[in-house]
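Protein chains in written order, with our numbering: chain A, 1 to 416; chain B, 417 to 649.
Ideal Cβ placement from N, Cα and C applies to all residues, glycine included.
Every value quoted in this text rests on a predicted model; they were computed, and no experiment measured them.
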């Protein structure tokens with residue numbers, strides 16, 4: 001306890017350099033926690049179960065398809081014919097197929113035209129279904145009605161009974177406002193998935209939106225409000241599917257991606273995203289290396305801060321020795337002081353990580369609809385504090401050795 | 417003759433240093449010296465006479481080349497450095513000419529520090545000491561915020577904080593004007609008397625020395641060559 005008492009007074013005496021060094025350590029620890037934890041969190045969030053196993057879309061990049069259809073980022077890679085949707089929906093091993101048609105937005109939030117299959121048959125997480133906040137309902141597929149994701153509702157102010165006109169394209173800045181007025185009939189309960197950022201309307205509404213042209217047959221077809229649209233003219237941007245087994249995903253992928261020329265199947269969705277994170281691995285490694293360098297710099301700053309005070313503190317050590325402190329007591333006090341600086345810094349680093357993590361989580365939630373579990377246990381949480389303590393000890397050894405070697409009589413002489 | 421009643425016994429003490437040219441220089445040769453339990457004794461020593469070296473050896477801050485130093489029957493010259501540190505923390509008090517208070521500590525903390533390595537920290541006892549020395553309203557002042565006289569009193573309180581059997585004082589009034597020096601000295605002596613501690617004080621100030629019943633001239637008992645002593649003081 002005496003050691004801690006002495007260390008406490010020393011930190012107080014050298015308050016400015018102590019605070020500065022603690023802050024450097026806090027930044028270093030916060031950076032390490034952020035890099036390690038947020039990378040794992042982001043990977044977990046983007047590769048977690050999104051409620052679908054596969055996405056079928058236009059021929060092109062699987063990543064673009066997944067980002068567009070699942071995370072509602074990126075532009076659509078194009079459309080596939082409605083007949084292909086019907087064909088895949090009837091394929092053995094496809095348990096559920098949900099058509100998505102995109103191309104419009106409201107206030108920057110995507111409009112997704114879909115069928116009521118999404119509401120009635122799709123489950124996600126632990127067998128949960130989509131639900132609307134009472135007294136709302138899901139849309140009637142024959143009407144200009146909309147169901148708004150929880151986050152989109154909060155951000156746009158859309159609520160039950162609100163009306164709006166969709167804006168063409170994926171940008172809210174677009175000049176083209178469609179003439180159809182949609183009425184909000186339901187606001188979805190939060191799901192913690194990208195769906196929270198979507199405004200759903202009947203898929204027929206997308207087909208019939210003024211200005212939209214259907215090219216299911218390869219020819220332009222402009223729907224007439226009074227007549228049924230023939231299936232061959234219809235198009236969808238993507239089909240989100242639940243499959244009976246991973247093996248089925250592989251066989252479908254073989255059929256569609258290798259043998260076919262019209263469409264692309266991204267399956268499994270988590271695998272596509274994991275690939276991206278794997279490809280980003282080197283960049284993450286660089287970030288980790290930078291984080292370690294900053295940690296090392298933190299340790300050096302402790303060493304420098306203590307070393308620079310050694311001259312002025314020689315008399316202090318000599319006095320402690322004259323009062324009966326052993327050499328190893330003085331040595332331990334300096335090592336403990338270095339370690340205390342590192343540990344206090346690391347503790348503040350956790351706080352910093354919390355702030356950075358919450359900001360990152362808020363950003364990702366608003367921009368991508370992905371939830372980061374910032375405070376879910378991560379291995380890095382366990383080793384930053386003891387790691388900082390060990391680095392502090394290592395940083396304190398040189399100054400402590402100098403304090404250990406202090407000659408008492410020599411340093412107790414009057415200075416004037 | 418020295419054994420039995422004495423608290424401090426010194427026999428055949430010798431200390432030398434190597435000078436920068438590598439020659440051995442005698443600084444201290446004391447055949448015998450004793451201080452009784454509770455006795456207050458002064459050593460007259462001019463600058464360079466080896467008085468600080470003597471006090472440091474008695475305090476166990478260094479080892480002699482030869483001779484014996486017994487305090488309360490314990491031969492400290494045979495103790496390891498750590499054991500001497502422990503002994504010093506438990507049984508000795510030291511008042512320095514420049515007081516050597518820790519500038520980052522308050523008056524109270526400086527006194528508490530005097531107990532830290534011996535009997536253990538006791539804030540209320542430290543506070544009591546300072547109050548007895550008239551510093552009850554300066555407990556939380558740093559040394560830089562105290563007058564020289566007040567700093568000296570804090571130094572005395574710190575030296576007595578571990579209830580020592582022997583207090584060593586090296587020119588304790590050297591930084592005080594004559595009036596304050598007299599007051600401080602009487603305070604120190606009465607505090608030692610109250611605590612039952614012996615006092616061994618070295619000074620070159622005759623006004624200080626004449627207050628002691630027993631005063632020994634260091635130059636009479638130190639047979640080391642003066643020139644060497646001058647060089648190594």
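(message) Quick check: what's the CA-CA separation for residue 563 of chain B versus residue 553 of chain B?
(response) Between residue 563 of chain B and residue 553 of chain B, the C-alpha separation is close to 13 Å.
(request) Classify residue 209 of chain A as buried or exposed, calling it buried when 16 or more other Cβ atoms lie within 10 Å of its own Cβ. (result) Buried, because 16 or more other Cβ atoms sit within 10 Å of the Cβ of residue 209 of chain A.
(request) Mind reading off the beta-carbon distance from residue 597 of chain B to residue 557 of chain B? Whole number of angstroms is fine, and I expect it under 8 Å. (result) Actually they do not touch by this definition, with Cβ atoms about 22 Å apart.
(message) To the nearest angstrom, how far is the alpha carbon of residue 366 of chain A from that of residue 151 of chain A?
(response) Using only the alpha carbons, I get a separation of about 8 Å.
(request) Leaving out five residues on either side along the sequence, give the residues of the same chain with a beta carbon under 6 Å from the beta carbon of residue 580 of chain B. (result) Excluding five sequence positions before and after residue 580 of chain B, the CB atoms of its chain that fall closer than 6 Å to its own CB belong to 507, 508, 509, 613, given in chain order.
(request) Select from the region 307–339 of chain A all residues with a C-beta closer than 9 Å to any C-beta belonging to chain B, and list them in chain order. (result) For the region 307–339 of chain A, the set of positions with a beta-carbon nearer than 9 Å to some beta-carbon of chain B reads 315, 316, 318, 319, 320, 321, 322, 323, 324, 325, 326, 327, 328, 329 in chain order.
(request) Look at the Cβ atom of residue 120 of chain A, then the Cβ atom of residue 111 of chain A, and state whether they are nearer than 7 Å. (result) No.
(message) With a threshold of 7 Å between beta-carbons, can residue 515 of chain B be considered close to chain A, or not?
(response) Residue contact check for residue 515 of chain B against chain A: no CB pair falls below 7 Å.
(message) If contact is defined by three or more beta carbon pairs under 8 Å, each pair taking one atom from either stretch, is the region 524–535 of chain B in contact with the region 479–496 of chain B?
(response) With the cut-off at 8 Å, the region 479–496 of chain B and the region 524–535 of chain B do not touch.
(request) Please classify residue 619 of chain B: does DSSP put it in a helix, a strand, or coil? (result) For residue 619 of chain B, the secondary structure class from DSSP, reduced to helix, strand or coil, is strand.
(message) Given this structure, state the Cα-to-Cα distance separating residue 36 of chain A from residue 288 of chain A, to the nearest angstrom.
(response) Cα to Cα, residue 36 of chain A sits roughly 7 Å from residue 288 of chain A.
(request) Helix, strand or coil for residue 176 of chain A, going by three-state DSSP, please let me know. (result) When secondary structure is reduced to three states using DSSP, residue 176 of chain A falls in the coil class, being assigned neither helix nor strand.
(message) What would DSSP say about residue 313 of chain A, mapped onto helix, strand or coil?
(response) The three-state reading of DSSP puts residue 313 of chain A in helix, counting H, G and I together.
(request) From the DSSP output, in three-state form, read off residue 486 of chain B for me. (result) Note: residue 486 of chain B maps to strand in three-state DSSP.
(message) Whole angstroms are fine: how far does the CA of residue 155 of chain A sit from the CA of residue 176 of chain A?
(response) Taking the straight line from one Cα to the other gives about 21 Å.
(message) Taking 7 Å as the threshold (beta carbon to beta carbon), is residue 504 of chain B in contact with chain A?
(response) Contacts with chain A at 7 Å (Cβ-Cβ) include residue 504 of chain B.
(message) On the criterion of 16 or more Cβ atoms from any shown chain inside 10 Å, does residue 467 of chain B qualify as buried, or is it exposed?
(response) Result: buried.
(message) Can you check whether the C-beta of residue 628 of chain B is within less than 7 Å of a C-beta belonging to chain A?
(response) For residue 628 of chain B, the answer is no, since every Cβ of chain A falls outside 7 Å of its Cβ.
(request) Classify residue 234 of chain A as helix, strand or coil using the three-state DSSP reduction. (result) It is coil, neither helix nor strand.
(request) Measuring alpha carbon to alpha carbon, tell me which of B/502, B/453, B/589 ends up nearest residue 620 of chain B. (result) Nearest C-alpha to residue 620 of chain B: B/589.
(request) Could you name the residues of chain A that residue 576 of chain B contacts, counting a contact when the two beta carbons are closer than 8 Å? (result) The contact set of residue 576 of chain B on chain A, defined by CB atoms closer than 8 Å, is empty, because the minimum CB distance reaches about 12 Å.
(message) Assuming contact is defined by CB atoms lying nearer than 7 Å, are residue 264 of chain A and residue 93 of chain A in contact in what I supplied?
(response) No, the pair does not count as a contact, with Cβ atoms beyond the cut-off.
(message) Looking only at its chain, what residues have a beta carbon closer than 6 Å to the beta carbon of residue 238 of chain A, apart from the 5 residues adjacent to it on each side?
(response) Result list for residue 238 of chain A: 55, 57, 69, 100, in chain order.
(message) As an exercise, report each continuous alpha helix (DSSP H) stretch of at least 4 residues that is fully enclosed by the region 156–207 of chain A, in chain order.
(response) The region 156–207 of chain A contains no whole alpha helix (DSSP H) run of 4 or more residues.
(message) Could you check whether the region 444–462 of chain B touches the region 632–640 of chain B, counting it as contact only if at least three pairs of C-beta atoms, one from each stretch, sit closer than 8 Å?
(response) By the Cβ rule, the region 444–462 of chain B counts as touching the region 632–640 of chain B, because three or more pairs are nearer than 8 Å.
(request) Please report the Cβ distance between residue 115 of chain A and residue 123 of chain A, rounded to the nearest whole angstrom; I am assuming they are in contact, meaning their Cβ atoms lie under 8 Å. (result) Actually they are not in contact, since the Cβ atoms of residue 115 of chain A and residue 123 of chain A sit about 16 Å apart, beyond 8 Å.
(message) In chain order, what are the residue ranges of uninterrupted beta strand (DSSP E) at least 3 long that sit wholly in the region 255–308 of chain A?
(response) The region 255–308 of chain A is shown to contain whole beta strand (DSSP E) runs of 3 or more residues at 263–266, in chain order.
(request) Using a Cβ cut-off of 9 Å, pull out every chain B residue sitting near residue 21 of chain A, in sequence order please. (result) Per Cβ cutoff of 9 Å: no residues; residue 21 of chain A is ~17 Å from chain B at best.
(message) Here's the rule: buried if 16 or more other CB atoms are within 10 angstroms of the residue's CB, otherwise exposed. What is residue 249 of chain A?
(response) By the neighbour-count rule (16 or more Cβ atoms within 10 Å), residue 249 of chain A is buried.
(request) Quick one: list the residues of chain B neighbouring residue 13 of chain A, beta-carbon separation under 9 Å, in chain order. (result) Near residue 13 of chain A (Cβ distances below 9 Å), the residues of chain B are 518, 519, 520, 521.
(message) For residue 593 of chain B and residue 600 of chain B, I'd like the C-alpha separation in whole angstroms.
(response) C-alpha separation (whole angstroms): 10 Å.
(request) Count the other CB atoms, across all protein chains shown, that sit within 10 Å of the CB of residue 246 of chain A; report buried if there are 16 or more and exposed otherwise. (result) Counting every other CB atom within 10 Å of its CB across the protein chains shown gives residue 246 of chain A a total below 16, marking it as exposed.
(message) Quick check: what's the CA-CA separation for residue 328 of chain A versus residue 500 of chain B?
(response) Spanning the two alpha carbons is a distance of roughly 13 Å.
(message) Is residue 197 of chain A close to chain E? Criterion is C-beta to C-beta, closer than 7 Å.
(response) Considering every chain present, this structure includes no chain E. Its protein chains are A and B.
(request) Taking only beta-carbon positions, decide if residue 7 of chain A is within less than 7 Å of chain B. (result) At a cut-off of 7 Å between beta carbons, residue 7 of chain A makes no contact with chain B.
(message) For residue 547 of chain B, report the span of its alpha helix (DSSP H) as first-last.
(response) Run containing residue 547 of chain B: 539–548, per the alpha helix (DSSP H) assignment.
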